[in-house]
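J.: Take 5 as the starting number for the sequence shown in our numbering and just add one per residue.
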Amino acid sequence: MQTPLQITFHDVPHSDAMEAHIREKAAKLESLFSPIMACHVKVELPHKHKHQGRNFRVNLDLRVPGTEIVVNHHEHEDAYVALRDAFDAAKRQLEEHHQKVRSSVKHQLGGRAMAAELLAAEASDEGA
5 MQTPLQITFH DVPHSDAMEA HIREKAAKLE SLFSPIMACH VKVELPHKHK
55 HQGRNFRVNL DLRVPGTEIV VNHHEHEDAY VALRDAFDAA KRQLEEHHQK
105 VRSSVKHQLG GRAMAAELLA AEASDEGA
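Given below as structure tokens:
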């Protein structure tokens, strides 16, 4: 993985298995959407007074050229489910960002191509 990855556990005991799972998920995102310049994953267990169990919360912060993608408040009783949901949301946001970038590039290139065709047509009309 080329992307600098920062993993933070807050009020959650460090787990090598969970860290490896996070690294796999981040590598998959990077393989689908390059370049990701930085990725910060925070796994926490907030102190909430609930009658039934506490939920793990996962926050993601991804930096890509042109924007920063933030995924907040994905909670679940199972940390791995919270991680899955957070990375799925990040994937959707990255897809939207790449669609916007692609469409703006196509629009810019399309405008330049039309301008070049008009100039070529004018030049041929003047030469005839």
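We treat Cβ as the ideally placed atom computed from N, Cα and C, and that holds for glycine.
With distances taken between CB atoms, is the gap from Ile26 to Ile11 smaller than 7 Å?
T.: Taking 7 Å as the Cβ cut-off, Ile26 and Ile11 qualify as a contacting pair.
J.: Where does Leu36 land, buried or exposed, given buried means 16+ other C-beta within 10 angstroms?
T.: exposed
J.: Find the nearest neighbour of Lys46 within the set His102, Ala24, His14, judged by alpha-carbon distance.
T.: Per the Cα distances, His14.
J.: Helix, strand or coil for Ile73? Go by DSSP, reduced to three states.
T.: strand
J.: Are Arg58 and Glu79 touching if we call contact CB-CB under 7 Å?
T.: no
J.: Check whether the Cβ atoms of Asp20 and His44 lie closer than 7 Å to each other.
T.: no
J.: Figure out for me which residue from Pro17, Ala93, Ser38, Val16 has the closest Cα to the Cα of Pro8.
T.: Just measuring C-alpha positions, the residue of Pro17, Ala93, Ser38, Val16 sitting nearest Pro8 is Ser38.
J.: How far does the alpha helix (DSSP H) with Arg67 in it reach, from first residue to last?
T.: Element bounds for Arg67: not the alpha helix (DSSP H) but the beta strand (DSSP E), 60 to 68.
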